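Q: Start counting at 1 in the sequence shown, then tack on 60, and there's your number in our numbering. Would you mind keeping the following structure in view while I ask a few things?
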Amino acid sequence: MSAVAVEHDGWAQRGGIDRLLTLACGRTYTVDEKIRTEDWPDVPLERWSDEVRKSPGWVQKPLAADFIAYAHAPAATCVLMPVPALQRAWRQHGRSWIGLYGLRRAQTAGWTSVSVPVPRGVLMQAIGEAMFVS
């Protein structure tokens, strides 16, 4: 029914909410939106938002968002990941993913973020497995 952008700084933005979606049934979902301007076969999971300060990135810090939507603009595709399962998959596999796929650093104004580029298929399988509890 509606998609409202959360544009102003506040608890929602700091909690990772970029958009509030309302379905026809009245149910609402919150989404943290990410976009890549090139089509890569992976999803960069942000381990550190600020490497020097060891500020946790979105894959390992508490988020208020229900989903991460990671868009690949050139391919017009989007990976929609439920936050609890994504973060559980990270806790289960993060260390091995760092060893397998390495770290990527990105300089921003005044800090460096660090991400792990996990192949989409590997990530989606781990998210699915993270939804099973025994």
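No residue lacks a Cβ here, since even glycine has one placed at the ideal position from N, Cα and C. It should be emphasised that the depicted structure is a prediction, and the values quoted were computed from it without experimental measurement.
Using 7 Å as the threshold, is the C-beta distance between Asp-92 and Gly-70 below it?
A: Against a cut-off of 7 Å, the Cβ pair of Gly-70 and Asp-92 comes out as no contact.
Q: So Leu-146 packs on Val-176, CB below 8 Å; how close in whole Å?
A: Incorrect: roughly 12 Å between the Cβ atoms, too far for contact.
Q: Do the stretch 158-172 and the stretch 123-133 touch if we need at least three Cβ pairs shorter than 8 Å?
A: no
Q: Hey, how far is the Cα of Val-193 from the Cα of Pro-144?
A: 13 Å
Q: With DSSP collapsed to three states, give me the class of Glu-98.
A: coil
Q: Beta-carbon within less than 6 Å of Ala-266's beta-carbon, same chain only, minus the 5 sequence neighbours each way: which residues are those?
A: Residue 266 is absent from the model: the chain starts at 61 and stops at 194.
Q: For Trp-171, which of helix, strand or coil comes out of DSSP?
A: Strand.
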